[in-house]
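Residue numbers (the numbering used here), protein chains in the order written: chain A, 155 to 933; chain B, 3 to 284.
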Amino acid sequence: MARDNVVAGATSAPPGEATGTATATVAPRVGDDAPRPDGIPKATGRFAFSSDLWIDGMLWGRTLRSPHPAARVRSIDVAPALALPGVWAVLTAADVPGRPTFGLEVPDQPVLAGDVVRYHGEPVAAVAADHPETARAAAEAVIVDYEPLTPLVDPAAALGSPPIHPDGNLFRHLPIRHGDPGATGTVVVEGEYEVGMQDQAFLGPESGLAVPADDGGVDLYVATQWLHVDRDQVAASLGLPVERVRLHLAGVGGAFGGREDVSLQIHLCLLALRTGRPVKMVYSRDESFFGHVHRHPARMWYRHHATAEGDLVKIEARILLDGGAYLSSSNAVISNAACFAPGPYRVPNAVIDGYVVRTNNPPCGAMRGFGSVQVCYGHEAQMDKLAAAIGVDPVALRARNALHRGDRLVTGQVLTGAVPVREVIRAAAARPLPAPADPDGPVIARPGGAGLTADPEDITRGVGFALSIKNVAYSEGYDDYATARLRLEAGAGGEPVATVVVATAEVGQGFVTLAGQIVGEELGVERVVLAPAGTAEVGSAGSSSASRQTWVSGGALQLACAAVRAELVSRAASKWACPTDAVEVSPGALRRSDTLERAGWAELLHPPIEVEEVYHHRPTRALDADGQGDAHLAMMFAAHRAVVDVDRGLGLVRVVQVATGQDVGRALNPLQVTGQIEGGIAQGVGLAVMEEIVLDTGRVRNPSFTDYLIPTTLDMPVVDAVLVQEPEPGAPYGAKGVGEPPAISSGPAVLAAIRDATGLPLSRVPVRPADIALADPSG
Amino acid sequence: MVRIARPVTVDEAVEALSEEPGAQLLAGGTDFCVEVNFGHRRPPAVVALRRVDELTHREVTDEVVTLGAGVTYSDLVGPLSGVVPALTAAARSVGSPQIRNAGTIGGNLATASPAGDTLPVLAALGARVGLRGPGGERTVALEDLVTGVKRTSIRPDELIVEVAVPRVRGSQQFVKVGTRNAMVIAIASAAVVLDRDRREVRCALGSVAPVPLRVPLAEASMADAIDWERMAAPAAALTSFGEIAAEAAAPISDHRSTAAYRRRAVAVICERAMRRCLRDAG
Ligand SMILES: Cc1cc2nc3c(=O)[nH]c(=O)nc-3n(C[C@H](O)[C@H](O)[C@H](O)COP(=O)(O)OP(=O)(O)OC[C@H]3O[C@@H](n4cnc5c(N)ncnc54)[C@H](O)[C@@H]3O)c2cc1C
């Protein structure tokens, strides 16, 4: 029966059709509300996700994972698993032919654990069998002899503890010393803050299909954020040249940073090459919680100094992030956390120390907001404390200290781009407040929702405000680029057809509409085809993360459009034997300005025009020993005002409304920007009031959607968004990224609103009902 | 291979259960399939109940509401809405629309989770559960059906046919606490019933003990404090009703919450549920 279930549950889409990115769009222009071609298919269940991949004769892969957060592996006996009928391969660390480790920044994580496991869920063996149930049984049949060790689970103890990895327990200490470290203010406020471990909780579990190729290489269809960096890591561990490892993007069911690291990619390819058969793997929901990195939990200490009037004088901060067992992108996360520790405020003097350490907790890495989220809880609580200490309005205090163009960050970097901090504050603050709670309104709309817990007299309303700052794209000197190929040819009816070839992973951010919008804008071409993304077809686009693809892949495509146009002009000029500056281009046609001779594009598209362009954003620089340097490309700002209803007796919360002003540079697809804002706010609200991976001495206690709670419709506030459009100089079309800011300050605004409603200090997220209901009201 | 029986009558279902040793009943599958997915359940044979129309019967008389085991939460929220108001409230709090469309009251009873949301309501209302096996029919009180955490007195060759819920003149409430505003497992829940004819208060708690927990001391003290003519009670009596109920609770600490919070929650929701009952009645 189980077998029938599996067959019935899958589609029979061949890999090529399952990529879900090949689309034709009617060319809208930049700035239009272009609808997503994959929107309706996703809503109606017709979109092929990576979990729908299917090829006849494929095997099913499965991972065996460590039940211990720390243990020595004395021995692994795979014989009982191999003895099961239908089992094709059982691989352990010894079977990795190439580099035994992988990692985004430094390859410090074993493909399969060798003599030691360092976190609960670390892969120990990979199995392929002819049926998923057989694969499951085989994984269970592997006998691993573990000697459990005492796990290192307290990040504060990591530096003083014996190393749990040859690379040591400190990933990075980033000190920032700016201005006069001895400066003091007349008003000083201090606080400690804590952020729990959030998960990306994407809905499409990790999944992929590896198909062995005739050249001894492998084709891997997989949902990922960055095809080329996956390819490089897979090839290194397979011991193959990168050309023989071809990655193809399969339909991605959400990412949010959780697909930046390798999960099943290497295991799948190892199994396919070992068995000579295609191998598919789909993580179950619980395995998914072990299969990707999480947001770093943080402990923060802050001391703000200000003048009696409320001008910030100095910020002192110590930030400790728990990186978990392996590095992932921890070094970049702590960089953001330290650089943006003050928030979007002018701070002449700063003493900041950021630390990220190794523990036996689950590895942490990229997640939407990337280091800015954690510190936002700290700096925004501090601004509220400071406002209270001085006796001024917290929003006015923020406006007073807001960064301007020309100001310096605490890294010494002068802000030369758009810095509309006051504008986002004004936009959010000006939105009408929601009507007071209606005592006769539906009980289900109150805190406690469908549990019908609250009557009007049980509810207090609170309002909170928060600001955030986040960088666009990669920082600290990283050569951050994207590649785009563009082909222009004549269609059957002579109409121009543009084909965009990029390795830009569509993870929901919307490059699927933007590609057509950019080509429509630049060339006026109506028929634009976005080819499936793959590593064999085109160079790297970099990662779909850091709010960067609109800028970087958008920039590459804009360059490609310009190159196509130049080639058209040059072909016309040689046809007419005239100088190129005598050729005028309009959509579909060319004209010679002196003779008024005309030609249609179709005449000039034999052979088709094909160009490839690489876009690099302005270089950034490393930070020096004092954390000083022009490390970042550009800044995004957002303001959020949250209105919450709190049931003090039960500690339950209903977020009623979030108003936001967001600095977007320019909205290239306002419909999609609004979608990003709503989705980001859902994740921000989630971290504030419910989302947390609960650990018990390194063990994950809630790896399921039964117990890892994410907001439902009844938890989602009304969103009132204002797009603040001040074009960013140097950015294609003036657009900044938009994906991350909504997930950053929305949560701190919610927390501030809960503080306002309850009068409790509440310094930890997510706020648990007990934190409110059992709090001592005297503080 | 898993053998699947698809009976269309209760008798056929009973027969199929007896014929296939180890066979397990499948109703809406909302508990069953989760356990299969987690590898906690590997049934050698399945008796699927969806085609058994008898199990979806319902009957409302002045004395009793009889609900077939196959009645879904959506039925309770929709066609049967308000017939047993606390049960409707409990049903509305269950899962998402998809779960409410599939999940049945019989499945909730048979799973017998401490967090099963219909259980405290049925306990407070004194419901009786009808079972059928090869030896015929028997009925048991809810308290005798649910014997422990996910343990029942249902025999392997029996199935739940129906549950009979006595009608009570007076108001009733169900309140459930979870860390999310919908689709959440109860951290604590309470059903409170005012029986005006008998001048009784009945209250049962969910998620704070291995089984749905009646709280007789709290019930008695509240019944004494109520002015049954005016349907009113002093505020202090409501508070102490909650406190006495909370003392009776036997909550645990786990990854969902702590015992201390669950106990506090019981006090709060019992007080509020009673306050609402009196408001409704007054
Ligand atoms: C996402 C999700 C959310 C949920 N939320 C809630 C919630 O908020 N509150 C809550 O209480 N529950 C919740 N549940 C649990 C579940 O929906 C209920 O317990 C449901 O009532 C089970 O009924 P079913 O018809 O699906 O039973 P099934 O899953 O088919 O069966 C459950 C058990 O009952 C047995 N069984 C079924 N019918 C009979 C019968 N007639 N006689 C004897 N045994 C029988 C089965 O053999 C099995 O052991 C949720 C489940 C999911 C997946």
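Even glycine gets a Cβ: it sits at the ideal position worked out from N, Cα and C.
Quiz item: Which one of A:Arg600, A:Asp594 and A:Gly532 has the shortest CA to CA distance from Gly345 of chain A?
Solution: As a first step, residue 345 of chain A is located in the first sequence; it is residue number 191 there, counting from the start. Of the listed residues, the one whose Cα sits closest to Gly345 of chain A is A:Gly532.
Practice problem: Indicate, with yes or no, if ligand 1 has a heavy atom lying under 7 angstroms from the CB of Met185 of chain B. | Solution: Counting from one through the second sequence, the residue named residue 185 of chain B turns up at place 183. Proximity of the beta carbon of Met185 of chain B to ligand 1 is indicated: a heavy atom of the ligand is located closer than 7 angstroms.
Self-check item: Check: Phe34 of chain B C-beta below 7 angstroms from any heavy atom of ligand 1
Solution: Working through the second sequence from its first residue, we reach residue 34 of chain B at position 32. Shortest gap from the CB of Phe34 of chain B to any heavy atom of ligand 1: under 7 angstroms.
Quiz item: Mind checking Val568 of chain A: buried by the 16 CB within 10 Å criterion, or exposed?
Solution: In the first sequence, the residue the question calls residue 568 of chain A occupies position 414. Under this definition Val568 of chain A is an exposed residue.
Quiz item: Regarding Ile864 of chain A and ligand 1, is the C-beta to nearest heavy atom distance less than 7 angstroms?
Solution: Looking up residue 864 of chain A in the first sequence gives position 710. It does not: the Cβ of Ile864 of chain A is nowhere closer than 7 angstroms to a heavy atom of ligand 1.
Quiz item: So, Ala627 of chain A versus Ala700 of chain A, is the Cβ gap smaller than 8 angstroms?
Solution: Counting from one through the first sequence, the residue named residue 627 of chain A turns up at place 473. Counting from one through the first sequence, the residue named residue 700 of chain A turns up at place 546. Contact check for Ala627 of chain A against Ala700 of chain A passes: the beta carbons are separated by less than 8 angstroms.
Quiz item: Counting contacts by CB-CB distance shorter than 8 angstroms, is Leu863 of chain A in contact with chain B?
Solution: Counted from its first residue, the first sequence places residue 863 of chain A at position 709. Taking 8 angstroms as the threshold, the shortest C-beta distance from Leu863 of chain A to chain B falls below it.
Self-check item: Helix, strand or coil at Glu470 of chain A [DSSP, three-state]
Solution: In the first sequence, the residue the question calls residue 470 of chain A occupies position 316. Strand at Glu470 of chain A.
Quiz item: According to the neighbour-count rule (16 or more other Cβ atoms, all chains shown, within 10 Å of its Cβ), is Pro335 of chain A buried or exposed?
Solution: Counting from 1 along the first sequence, the entry for residue 335 of chain A is found at position 181. Pro335 of chain A is exposed by the Cβ-count criterion.
Quiz prompt | Segments assigned beta strand (DSSP E), at least 3 residues, entirely inside the region 297–356 of chain A | solution = List check, beta strand (DSSP E) in window: 297–302, 324–332 and 341–349.
Quiz item: Can at least three beta-carbon pairs, one atom from the region 480–491 of chain A and one from the region 227–246 of chain A, be found at a separation below 8 angstroms?
Solution: Touching, no, given that fewer than three Cβ pairs across the two stretches are closer than 8 angstroms.
Quiz item: Measuring from the CB of Leu806 of chain A, is there a heavy atom of ligand 1 at a distance below 7 angstroms?
Solution: For the purposes of this step, residue 806 of chain A is taken as residue 652 along the first sequence, with counting starting at 1. Checking the Cβ of Leu806 of chain A against ligand 1 gives no.
Exercise. Check Ser229 of chain A in the structure and name its three-state DSSP category.
Key: The residue labelled residue 229 of chain A in the question sits at position 75 within the first sequence. Three-state result, Ser229 of chain A: strand.
Quiz item: Helix, strand or coil: how does DSSP classify Gly430 of chain A here?
Solution: Within the first sequence, the letter at position 276 stands for residue 430 of chain A. In the three-state reduction of the DSSP assignment, Gly430 of chain A falls in the coil class.
Quiz item: Got a sec? Which residues, its chain only, sit under 8 angstroms from Pro261 of chain A by beta carbon, not counting five neighbours each side?
Solution: In the first sequence, the residue the question calls residue 261 of chain A occupies position 107. For Pro261 of chain A, the CB contacts under 8 angstroms within the same chain, skipping 5 residues up- and downstream, are Arg253, Thr255, Gln387 and Ala390 in chain order.
Quiz prompt | Simplified DSSP assignment, three categories, for Asn823 of chain A | solution = Counting from 1 along the first sequence, the entry for residue 823 of chain A is found at position 669. Residue state, collapsed to three classes: coil.
Practice problem: Compute the beta-carbon to beta-carbon distance between Ala377 of chain A and Gly358 of chain A, rounded to the nearest angstrom, for a pair I have assumed lies under 8 angstroms. | Solution: Here residue 377 of chain A refers to the residue found at position 223 of the first sequence. Here residue 358 of chain A refers to the residue found at position 204 of the first sequence. That pair is a contact at about 6 angstroms.
Quiz item: Leu515 of chain A CB to nearest chain B CB: under 8 angstroms?
Solution: Along the first sequence, one-based indexing puts residue 515 of chain A at 361. Residue identity check: residue 515 of chain A is Asn in the sequence provided, not Leu. With respect to chain B, the C-beta atom of Asn515 of chain A has no partner C-beta closer than 8 angstroms.
Practice problem: Between the Cα of Asp226 of chain B and those of B:Asp197, B:Leu207 and B:Leu215, spot the shortest distance and give me the residue it belongs to. | Solution: If you number the second sequence from 1, residue 226 of chain B lands on position 224. Asp226 of chain B has its Cα closest to that of B:Asp197, out of B:Asp197, B:Leu207 and B:Leu215.
Quiz item: How many angstroms separate the CA atom of Thr995 of chain A from the CA atom of Met185 of chain B?
Solution: Only positions 155 to 933 of chain A appear in this structure, which leaves residue 995 of chain A out of reach.
Practice problem: Please list the partners that Tyr263 of chain B has in chain A, where partner means a Cβ-to-Cβ separation under 7 angstroms. | Solution: Indexing the second sequence from 1 puts residue 263 of chain B at position 261. Here the neighbours are Pro923, Ala924, Ala927 and Leu928.
Exercise. Taking only the alpha-carbon atoms, compute the straight-line gap between Leu215 of chain B and Val203 of chain B and give it to the nearest angstrom.
Key: Taking the first residue of the second sequence as position 1, residue 215 of chain B is located at position 213. Taking the first residue of the second sequence as position 1, residue 203 of chain B is located at position 201. Whole-angstrom Cα-Cα distance: 14 angstroms.
Quiz prompt | 6 angstroms CB neighbourhood of Ala275 of chain B in its chain, flanking five on each side removed | solution = Taking the second sequence and counting its residues from 1, the one referred to as residue 275 of chain B is at position 273. In the same chain as Ala275 of chain B, and ignoring 5 residues on each side of it, the C-beta atoms closer than 6 angstroms to its own belong to Gln175, Val177, Ala192 and Val194, in chain order.
Exercise. Could you confirm whether any beta carbon from chain B is found closer than 8 angstroms to the beta carbon of Arg431 of chain A?
Key: In the first sequence, the residue the question calls residue 431 of chain A occupies position 277. No, its Cβ sits nowhere closer than 8 angstroms to a Cβ of chain B.
Self-check item: Residues near Ala907 of chain A in its chain [Cβ-Cβ closer than 7 angstroms; skip 5 each side]
Solution: The residue you call residue 907 of chain A lines up with position 753 of the first sequence. Excluding residues within five positions, the ones whose Cβ falls inside 7 angstroms are Gly616, Val617, Gly618, Ala796, Val797 and Val798.
Self-check item: Three or more C-beta pairs below 8 angstroms linking the region 347–361 of chain A and the region 482–495 of chain A
Solution: Contact between the region 347–361 of chain A and the region 482–495 of chain A is absent, with fewer than three C-beta pairs closer than 8 angstroms.
Practice problem: Please report the residue range of the beta strand (DSSP E) in which Gln174 of chain B lies. | Solution: Position 172 of the second sequence holds residue 174 of chain B. First-last of the beta strand (DSSP E) with Gln174 of chain B: Gln174 to Val179.
Quiz prompt | Exposed unless 16 or more other CB atoms sit within 10 angstroms - verdict on Gly174 of chain A | solution = Here the question's residue 174 of chain A lines up with position 20 in the first sequence. A caution first: Gly174 of chain A carries a pLDDT of 39, below 50, which makes its placement in the model unreliable, though a value can still be read off. So Gly174 of chain A counts as buried.
Quiz item: If you follow the alpha helix (DSSP H) that Ala25 of chain B is part of, which residue opens it and which one closes it?
Solution: As a working mapping, residue 25 of chain B is identified with position 23 in the second sequence. Where Ala25 of chain B is concerned, there is no enclosing alpha helix (DSSP H), given that its DSSP letter is neither H nor E.
Quiz item: Nearest chain B C-beta to Asp147 of chain A closer than 8 angstroms, yes or no?
Solution: Outside the displayed span of chain A (155 to 933) sits residue 147 of chain A, for which this structure offers no information.
Quiz item: Residues bridged to Arg140 of chain B by DSSP?
Solution: Locating residue 140 of chain B in the second sequence gives position 138, where the first residue counts as 1. Residue pairing by DSSP places Arg140 of chain B opposite B:Leu133 in a beta bridge.
Self-check item: Cβ of Asn503 of chain A within 8 angstroms of any chain B Cβ
Solution: Within the first sequence, numbered from 1, the residue matching residue 503 of chain A stands at position 349. Not an interface residue.
Quiz item: Terminal residues of the continuous beta strand (DSSP E) containing Leu684 of chain A?
Solution: Within the first sequence, residue 684 of chain A is the residue found at index 530, counting from 1. For Leu684 of chain A, the uninterrupted beta strand (DSSP E) segment begins and ends at Arg681 to Leu684.
Exercise. For His42 of chain B, decide whether its Cβ has a neighbour in chain A, counting only Cβ atoms nearer than 8 angstroms.
Key: For the purposes of this step, residue 42 of chain B is taken as residue 40 along the second sequence, with counting starting at 1. Cβ-Cβ to chain A under 8 angstroms: no for His42 of chain B.
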